[in-house]
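A.B. asks: In this note's numbering, the protein residues as written are 447 to 578.
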Ligand SMILES: [Zn+2]
Ligand SMILES: [Zn+2]
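1. Just tell me which of 531, 473, 459, 472 has its CA closest to the CA of residue 489.
2. Looking at ligand 1, does it come within less than 7 Å of residue 532, judged from the CB to the closest heavy atom?
3. Indicate whether residue 461 and residue 477 have their beta-carbon atoms separated by less than 8 Å.
4. Report yes if the C-beta distance between residue 526 and residue 508 is below 8 Å; otherwise report no.
5. Leaving aside the five residues before and after residue 498 along the sequence, list all residues of the same chain whose C-beta is less than 8 Å from its C-beta, in chain order.
6. Quick one: is the Cβ of residue 529 within less than 7 Å of any heavy atom of ligand 1?
7. For a minimum of 4 consecutive residues, which ranges assigned as the alpha helix (DSSP H) are wholly contained in the segment 457-502?
The structure is reproduced here in structure tokens:
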């Protein structure tokens, strides 16, 4: 199975991280956003998958101190707030890409869902298509 992999990971001056992918895609991850998305055992409750980390507890000026590769599947980030167990699998990293293309794709999915729901309700009620 073909999987995209980061070909370039760059720490930027403002603390954000730029990731260039093997399929030509590129995304810039703001540091607090990436820190909040950490899926390690102390940030996500193992049994429920609930986020334990509170966004307001993340320093606004958080920085990645060290970024290293973990085998062929993930990167490890050591953060300036002392959190050093952050492992970001490539799959996860790509799925949380905050670039406009990925965000827009996410928005379209979010819009489409309630629209379909709405349509099925009006169909049952015997009305025409919902007004835009
Ligand atoms: Zn963590
Ligand atoms: Zn993207």
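Heads up, the beta-carbon is just placed ideally off N, CA and C, and yes, glycines get one too.
C.D. replies: Taking the geometry as given:
1. Translated into the one-based positions of the chain shown, residue 489 becomes position 43. The residue with the shortest Cα to Cα distance from residue 489 is 531.
2. As a working note, residue 532 is residue 86 in the chain shown. Residue 532: yes, Cβ under 7 Å from ligand 1.
3. Walking along the chain shown from the start, residue 461 turns up at place 15. Walking along the chain shown from the start, residue 477 turns up at place 31. Yes, the Cβ-Cβ distance between residue 461 and residue 477 is below 8 Å.
4. Taking the chain shown and counting its residues from 1, the one referred to as residue 526 is at position 80. Taking the chain shown and counting its residues from 1, the one referred to as residue 508 is at position 62. A contact, by the Cβ cut-off of 8 Å.
5. The sequence position of residue 498 within the chain shown is 52, counting from 1. Cβ neighbours of residue 498 beyond the five flanking positions: 488, 489, 490, 491.
6. For the purposes of this step, residue 529 is identified with residue 83 of the chain shown, where counting begins at 1. At least one heavy atom of ligand 1 is nearer than 7 Å to the Cβ of residue 529, so yes.
7. 477-482
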